[in-house]
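The block underneath contains the structure these notes are about, expressed in structure tokens.
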Amino acid sequence: MDVYALNHTRTNNFALDMPDKIGQAWQEAKQKVGEVQTIQYGIYHEYDGNYQKDYTLTIASEKEVEGAQLMLLADDFYQVFPVDTRQKMGIFQTWQQIWNLEEEGKLKRAYTQDYEKYYLDGRVEIYIAL
-17 MDVYALNHTR
-7 TNNFALDMPD
3 KIGQAWQEAK
13 QKVGEVQTIQ
23 YGIYHEYDGN
33 YQKDYTLTIA
43 SEKEVEGAQL
53 MLLADDFYQV
63 FPVDTRQKMG
73 IFQTWQQIWN
83 LEEEGKLKRA
93 YTQDYEKYYL
103 DGRVEIYIAL
């Protein structure tokens, strides 16, 4: 599936500046999208290893906006994790669940492209490549 990359950042889940880097990337993407109503993606790729290593996060949208670059979402097999968006930390809690399943050997991740999908109605799902 084609999406449009708005910007990206390189980070690590355990880096002290990770929340700031990711927050800034989303803010910049929000400015580029402006008033355009579009599903957005947080795409995790270019992994250096497992979830404890560095990766690139690219913020993308389904609709093309000025300055965006075409990007292909991998046609992998995914396990989908719905996020409880009623919880303030719902996205982080879902990632913790994913990491725990991986540590327990119950989830075999491919580490190609994983992504968060942000729907217009407020739902969020995390897609993990298998």
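So for the sequence shown, this note's numbering puts the first residue at -17; every next one is plus one. We treat Cβ as the ideally placed atom computed from N, Cα and C, and that holds for glycine.
For residue i, name the three-state secondary structure that DSSP assigns.
| i | result |
| --- | --- |
| Q61 | strand |
| V106 | strand |
| A11 | helix |
| Q79 | helix |
| K70 | coil |
| Q6 | helix |
| E48 | coil |
| E85 | helix |
Taking the DSSP output, what are the residues bridged to residue i?
| i | result |
| --- | --- |
| R(-8) | T38 |
| M53 | V(-15) |
| G31 | G31 pairs with nothing; no bridge assigned. |
| I25 | T40 and Y97 |
| A92 | For A92, which the question treats as bridged, DSSP gives no partner whatsoever. |
| A111 | Y60 |
Quick one, are the C-beta atoms of residue i and residue j less than 7 Å apart?
| i | j | result |
| --- | --- | --- |
| Y23 | Y97 | yes |
| L(-12) | A56 | no |
| H133 | Q95 | This structure cannot speak to residue 133, because the chain is shown only from -17 to 112. |
| Q61 | I110 | yes |
| L(-2) | F59 | no |
Using the Cα positions of residue i and residue j, report the straight-line distance between them to the nearest angstrom.
| i | j | result |
| --- | --- | --- |
| V15 | K90 | 34 Å |
| T(-7) | Y33 | 11 Å |
| P64 | R105 | 8 Å |
| T40 | M53 | 10 Å |
| I80 | K35 | 15 Å |
| I4 | I108 | 16 Å |
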